[in-house]
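J.:
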Amino acid sequence: MEGFVVSARKYRPATFDSVVGQSHVTNTLKNAIKMGQLAHAFLFSGPRGVGKTTCARILAKAINCTNPPEDGEACNACESCVTFNEGRSLNIHELDAASNNSVEDIRKIIDQVRYVPASGKKSVFIIDEVHMLSSAAFNAFLKTLEEPPAHAIFILATTEKHKILPTILSRVQKFDFKRIKVDAVAEHLKSICEKEGIEYEFDALQLIGLKADGGLRDGLSIFDQIVSFSNRHITYKVVVENLNVLDYAYYFKSVEMMLTADYEGLLVMLNEVIDLGFEVKDFLVGLTEHFRNLLVARTPKTVGMLEISDNVRKQYTEQVLAVTPTLLLNAFNLCAASEQALRNAVNPRLHVELALMKLAHLQHAISLAQDQEKKKSSDRVGAQNLSVTGNAAVSAEVPMTVVEDRPFNPLNPEVKRTRIMKGPFVIPKSLDDVDMNVVGSKQDEEEAEAFVAYDTRVVISKEIFDAAYAKLLDKLSGDGLFRIVSLLRQDAYRLDHNKWIQSVPSEVVRKQLADERHVIDFMRLHTNVPNLLLEMEIVELAANPNDKRPYTNEEKLDQMLTKNPALRMLMKKFDANVKYE
49 MEGFVVSARK
59 YRPATFDSVV
69 GQSHVTNTLK
79 NAIKMGQLAH
89 AFLFSGPRGV
99 GKTTCARILA
109 KAINCTNPPE
119 DGEACNACES
129 CVTFNEGRSL
139 NIHELDAASN
149 NSVEDIRKII
159 DQVRYVPASG
169 KKSVFIIDEV
179 HMLSSAAFNA
189 FLKTLEEPPA
199 HAIFILATTE
209 KHKILPTILS
219 RVQKFDFKRI
229 KVDAVAEHLK
239 SICEKEGIEY
249 EFDALQLIGL
259 KADGGLRDGL
269 SIFDQIVSFS
279 NRHITYKVVV
289 ENLNVLDYAY
299 YFKSVEMMLT
309 ADYEGLLVML
319 NEVIDLGFEV
329 KDFLVGLTEH
339 FRNLLVARTP
349 KTVGMLEISD
359 NVRKQYTEQV
369 LAVTPTLLLN
379 AFNLCAASEQ
389 ALRNAVNPRL
399 HVELALMKLA
409 HLQHAISLAQ
419 DQEKKKSSDR
429 VGAQNLSVTG
439 NAAVSAEVPM
449 TVVEDRPFNP
459 LNPEVKRTRI
469 MKGPFVIPKS
479 LDDVDMNVVG
489 SKQDEEEAEA
499 FVAYDTRVVI
509 SKEIFDAAYA
519 KLLDKLSGDG
529 LFRIVSLLRQ
539 DAYRLDHNKW
549 IQSVPSEVVR
559 KQLADERHVI
569 DFMRLHTNVP
579 NLLLEMEIVE
589 LAANPNDKRP
599 YTNEEKLDQM
609 LTKNPALRML
619 MKKFDANVKY
629 E
């Protein structure tokens with residue numbers, strides 16, 4: 049009992065190759081040692097328990113090894129390696145900045161840096177949790193860190209790199225440590241179990257790795273706890289019980305009840321989870337993550353993102369086949385919204401129960417919504433068929449697909465597109481009056497989407513359009529857009545099915561009117577024609593120059609002076625000059 053050493057210390061890596069999950073760092077350091085291109089200062093940053101301090105110690109040992117192998121590792125046989133392994137090396141100095149963060153502590157290190165090591169190659173200074181140093185201590189450390197003696201090397205380690213001064217970051221070589229994956233933690237625990245003769249289930253080791261949240265040290269601490277609890281026989285059930293983790297089976301069962309609209313079973317299961325000692329918030333968070341995992345498991349490209357055991361991954365891939373994408377996405381959104389609202393809920397349990405009852409009826413609600421949308425689409429298609437001129441008898445029913453609206457650009461009249469409604473479309477006997485030519489770019493052909501130049505099935509009532517036109521002028525006048533009002537009032541317009549053709553006197557006016565996007569939006573809304581198209585044509589000016597309409601302030605003044613010469617004489621008499629703004 050007295051000789052027990054926790055696994056985090058007993059199996060602490062002693063070589064670069066034994067470090068778990070940080071090959072991008074260890075390979076770089078080994079190559080730097082082999083090539084003799086070591087920097088004078090390093091910064092190791094990353095989450096807790098991923099091997100920052102361990103790599104710093106391995107690097108310090110490898111630097112001072114007097115008989116280094118060709119692979120860049122320490123030999124673990126020379127005097128320097130032996131003294132390091134026994135904890136009596138005089139060339140390696142460690143400082144915990146969490147409790148030694150003052151200027152005086154840094155000055156002690158600066159004083160030590162001046163002395164050449166009695167034995168070995170380098171004096172290595174490891175400063176752990178370096179972000180805890182005060183600003184004054186950082187500033188006192190700057191000069192030494194930038195230009196240390198040739199025999200000194202600094203290794204800084206931190207979990208919060210953003211708290212370190214930029215002046216420090218610019219003087220070090222930075223290495224970012226990653227979170228260790230669940231499978232890597234499980235494999236490391238598996239090797240320990242085989243060395244210690246401990247019986248295990250690999251699913252249980254993966255659950256420990258998941259609970260470790262990317263930190264191997266946390267995983268080893270949990271591992272020791274489970275070994276003691278299970279009497280050296282680690283099973284999935286024991287890990288779930290000891291770590292107070294809610295089993296995946298509850299979430300898979302929840303989805304099955306949702307598919308069968310069994311809201312009573314969902315409420316009973318929630319009560320069972322509460323009796324086990326879990327909070328309702330924990331269950332809702334886990335259920336939200338379960339729907340996320342189902343979304344990820346839909347395709348082979350993303351299923352690898354699930355950090356779970358192979359057995360559980362298989363259950364996800366099987367259950368996702370029974371859930372439609374629409375239902376799955378709506379369930380995920382519902383749980384995420386409920387989780388957000390739960391923070392301010394007065395009665396959390398009632399709030400989660402309501403969310404579960406909504407989930408149970410979600411599939412029925414989606415079906416009703418889809419039926420209503422189909423009915424609306426059918427009604428709209430029927431209304432459009434009634435507006436077709438002539439007697440068009442039904443010859444066939446062709447299912448149409450939904451094509452998303454694309455905004456109409458008045459500056460490019462060739463690209464005019466409308467929306468084809470879904471549902472059965474009634475085709476007339478004669479297609480001569482129906483323009484179904486596909487226009488668009490190469491991307492349209494690649495997408496194989498059909499767009500119609502303009503819809504000849506729509507006939508706009510002139511009375512309705514005139515009333516909407518009058519409302520448009522009133523709104524523009526109320527908004528103070530008198531320039532646009534004058535353009536619309538001065539020129540005529542005509543209708544051609546779903547086209548509003550506006551005559552304009554010049555290209556400048558056409559561009560001015562095209563910039564006012566809200567004009568066409570307003571007319572679409574008040575004519576109840578969502579695919580109304582605006583087309584502008586430039587009319588030729590009259591042959592008589594006197595009939596030219598003035599648009600600029602200069603043109604208006606010239607017309608006034610031409611019609612009233614007395615005004616010109618008056619301006620000349622008083623030496624009046626007109627300034628245009």
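Following this note's numbering, the numbering of the sequence shown begins with 49 at its first residue and continues without gaps. Glycine included, every Cβ here is placed at the ideal spot set by N, Cα and C. Please read these numbers as outputs of a predicted model, since none were measured by experiment.
Would you report the Cα separation of Gly257 and Gln420, rounded to the nearest angstrom?
T.: Within the sequence shown, the letter at position 209 stands for residue 257. Within the sequence shown, the letter at position 372 stands for residue 420. In a straight line, the C-alpha of Gly257 is about 48 Å away from that of Gln420.
J.: What did DSSP end up calling Val288 once you bin it into helix, strand or coil?
T.: Counting from one through the sequence shown, the residue named residue 288 turns up at place 240. Note: Val288 maps to helix in three-state DSSP.
J.: To the nearest angstrom, report how far apart Glu127 and Phe331 are at their CA atoms.
T.: Residue 127 sits at position 79 when you count from the first residue of the sequence shown. Residue 331 sits at position 283 when you count from the first residue of the sequence shown. Whole-angstrom Cα-Cα distance: 56 Å.
J.: Just mark Ile111 as buried or exposed, buried being the case when its beta carbon has 16 or more other beta carbons within 10 Å.
T.: In the sequence shown, residue 111 corresponds to position 63, counting from 1. Answer is buried; the Cβ neighbour count reaches 16.
J.: Measure the CB-CB distance between Ala221 and Phe90 and report whether it falls below 8 Å.
T.: Indexing the sequence shown from 1 puts residue 221 at position 173. Indexing the sequence shown from 1 puts residue 90 at position 42. The sequence as given places Gln at residue 221; Ala does not occur at that position. Contact: yes.
J.: Could you tell me if Ser137 is buried or exposed, where buried requires 16 or more neighbouring beta carbons within 10 angstroms of its beta carbon?
T.: The residue labelled residue 137 in the question sits at position 89 within the sequence shown. Counting Cβ neighbours within 10 Å, Ser137 comes out buried, since at least 16 surround it.
J.: Taking Ile586 as part of the beta strand (DSSP E), name the residues at either end of that continuous run.
T.: Your numbering for residue 586 matches position 538 in the sequence shown. Start and end: 581-586.
J.: Give the C-beta separation of Leu307 and Gln411 to the nearest angstrom, bearing in mind that I take them to be a contact with Cβ-Cβ under 8 Å.
T.: Sequence index remark: in the sequence shown, residue 307 carries index 259 (1-based). Sequence index remark: in the sequence shown, residue 411 carries index 363 (1-based). Sure, about 7 Å apart at Cβ, within 8 Å.
J.: State whether the segment 201-217 contacts the segment 236-248, with contact taken as three or more CB pairs (one from each stretch) at a distance under 8 Å.
T.: They do not touch, by the three-pair rule.
J.: Cα separation between Pro61 and Val178?
T.: Taking the sequence shown and counting its residues from 1, the one referred to as residue 61 is at position 13. Taking the sequence shown and counting its residues from 1, the one referred to as residue 178 is at position 130. Taking the straight line joining both Cα atoms gives about 22 Å.
J.: Could you tell me which residues DSSP pairs with Ile158 in its beta bridges?
T.: To locate residue 158, count along the sequence shown from 1; it is residue 110. According to DSSP, which records beta bridges pairwise, Ile158 is partnered with nothing at all.
J.: Just to confirm, is the Cβ distance from Glu134 to Lys82 under 8 Å?
T.: If you number the sequence shown from 1, residue 134 lands on position 86. If you number the sequence shown from 1, residue 82 lands on position 34. Their beta carbons are not under 8 Å apart, which means Glu134 does not touch Lys82 by this criterion.
J.: Quick check on DSSP: helix, strand or coil for Ser551?
T.: For this step, residue 551 is matched to residue 503 along the sequence shown. Strand at Ser551.
J.: Note down, one range per segment and in chain order, each beta strand (DSSP E) of at least 3 residues found wholly within the segment 160-234.
T.: Here the runs fully enclosed are 171-176, 200-206, 221-224.
J.: Thinking Leu342 and Leu404 are a contact (beta carbons under 8 Å), I'd like their distance in whole angstroms, please.
T.: In the sequence shown, counting from the first residue as 1, residue 342 sits at position 294. In the sequence shown, counting from the first residue as 1, residue 404 sits at position 356. Incorrect: roughly 17 Å between the Cβ atoms, too far for contact.
J.: Under 8 Å, do Glu355 and Lys191 count as touching if we go by C-beta distance?
T.: Locating residue 355 in the sequence shown gives position 307, counting from the first residue. Locating residue 191 in the sequence shown gives position 143, counting from the first residue. Result no, Cβ atoms of Glu355 and Lys191 do not sit closer than 8 Å.
J.: Residues in its own chain within less than 6 Å of Lys78 by CB, not counting five upstream and five downstream?
T.: As a working note, residue 78 is residue 30 in the sequence shown. Around Lys78: Phe64, Gly120.
J.: Which class does Asn150 belong to by DSSP, given the choice of helix, strand or coil?
T.: Against the sequence shown, residue 150 aligns to sequence position 102. Note on identity: in this sequence residue 150 is Ser, with Asn being the wrong assignment. Correct three-state label for Ser150: coil.
J.: The beta strand (DSSP E) spanning Asp144 covers which residue range?
T.: As a working note, residue 144 is residue 96 in the sequence shown. Residues 140-144.
J.: I need the straight-line Cα distance from Ser525 to Ser425, nearest angstrom please.
T.: Here residue 525 corresponds to residue number 477 of the sequence shown, with the count starting at 1. Here residue 425 corresponds to residue number 377 of the sequence shown, with the count starting at 1. Approximately 37 Å, taken between the alpha carbons.
J.: When DSSP labels each residue in this structure, what does His545 get in the three-state scheme?
T.: Your numbering for residue 545 matches position 497 in the sequence shown. Coil at His545, not helix or strand.
J.: With distances taken from CA atoms, which of Lys58, His88, Phe92, Arg57 is nearest Thr74?
T.: Within the sequence shown, the letter at position 26 stands for residue 74. Closest option to Thr74, Cα to Cα, is Phe92.
J.: Report the residue from Pro196, Asp144, Phe132, Ile175 whose alpha carbon sits nearest the alpha carbon of Tyr163.
T.: Residue mapping note: residue 163 aligns to position 115 of the sequence shown, counting from 1. It is Pro196.
J.: Taking Cβ positions, are Lys43 and Val98 nearer each other than 8 Å?
T.: Outside the displayed span of the chain (49 to 629) sits residue 43, for which this structure offers no information.
J.: If I follow the unbroken beta strand (DSSP E) through Ala89, where does it start and stop?
T.: Translated into positions along the sequence shown, residue 89 becomes position 41. Residues 89-93.
J.: Taking only three categories from DSSP, how would you classify Glu118?
T.: Along the sequence shown, read from residue 1 onward, the residue named residue 118 stands at position 70. Coil at Glu118, not helix or strand.
J.: Is the beta carbon of Ile203 less than 8 Å from the beta carbon of Ala104?
T.: Indexing the sequence shown from 1 puts residue 203 at position 155. Indexing the sequence shown from 1 puts residue 104 at position 56. Their beta carbons are under 8 Å apart, which means Ile203 touches Ala104 by this criterion.
J.: Among Val233, Gly262, Val275, Asp266, which one has its Cα closest to the Cα of Tyr248?
T.: Walking along the sequence shown from the start, residue 248 turns up at place 200. That would be Val275, whose Cα lies nearest to the Cα of Tyr248.
J.: If Val172 sits next to Asn139, beta carbons under 8 Å apart, how far is it from one beta carbon to the other, in whole angstroms?
T.: As a working note, residue 172 is residue 124 in the sequence shown. As a working note, residue 139 is residue 91 in the sequence shown. The pair is a contact, with the Cβ atoms about 6 Å apart (cut-off 8 Å).
J.: Going straight from the alpha carbon of Pro458 to that of Ala562, what length do you get?
T.: Here residue 458 refers to the residue found at position 410 when the sequence shown is read from its first residue. Here residue 562 refers to the residue found at position 514 when the sequence shown is read from its first residue. Annotation note: pLDDT 38 at Pro458 (below 50); position unreliable, coordinate value reported separately. Whole-angstrom Cα-Cα distance: 6 Å.
J.: Using 8 Å as the threshold, is the C-beta distance between Ala188 and Asn149 below it?
T.: For this step, residue 188 is matched to residue 140 along the sequence shown. For this step, residue 149 is matched to residue 101 along the sequence shown. For Ala188 and Asn149, no; Cβs fall outside 8 Å.
J.: Taking 8 Å as the cut-off, decide whether the C-beta atoms of Gly69 and Ala232 are in contact.
T.: For this step, residue 69 is matched to residue 21 along the sequence shown. For this step, residue 232 is matched to residue 184 along the sequence shown. Yes, these two residues count as a Cβ contact at 8 Å.
J.: Within a Cβ cutoff of 6 Å, which residues of the same chain sit near Gln550, ignoring the five residues on either side of it in sequence?
T.: Against the sequence shown, residue 550 aligns to sequence position 502. Here the set comprises Tyr541, Met584.
J.: Could you tell me the distance, in whole angstroms, from the CA atom of Glu312 to the CA atom of Val321?
T.: On the sequence shown, residue 312 is found 264 positions in, with the first residue counted as 1. On the sequence shown, residue 321 is found 273 positions in, with the first residue counted as 1. The alpha-carbon atoms of Glu312 and Val321 are separated by roughly 14 Å.
J.: Give the single residue among Ala385, Ser415, Leu416 whose Cα lies nearest to the Cα of Leu402.
T.: Counting from one through the sequence shown, the residue named residue 402 turns up at place 354. Nearest of Ala385, Ser415, Leu416 to Leu402, Cα basis: Ala385.
J.: Go through its chain and collect everything with a Cβ distance to Phe570's Cβ below 6 Å, but skip five positions before and after it.
T.: Residue 570 sits at position 522 when you count from the first residue of the sequence shown. So the qualifying residues of the chain are Leu520.
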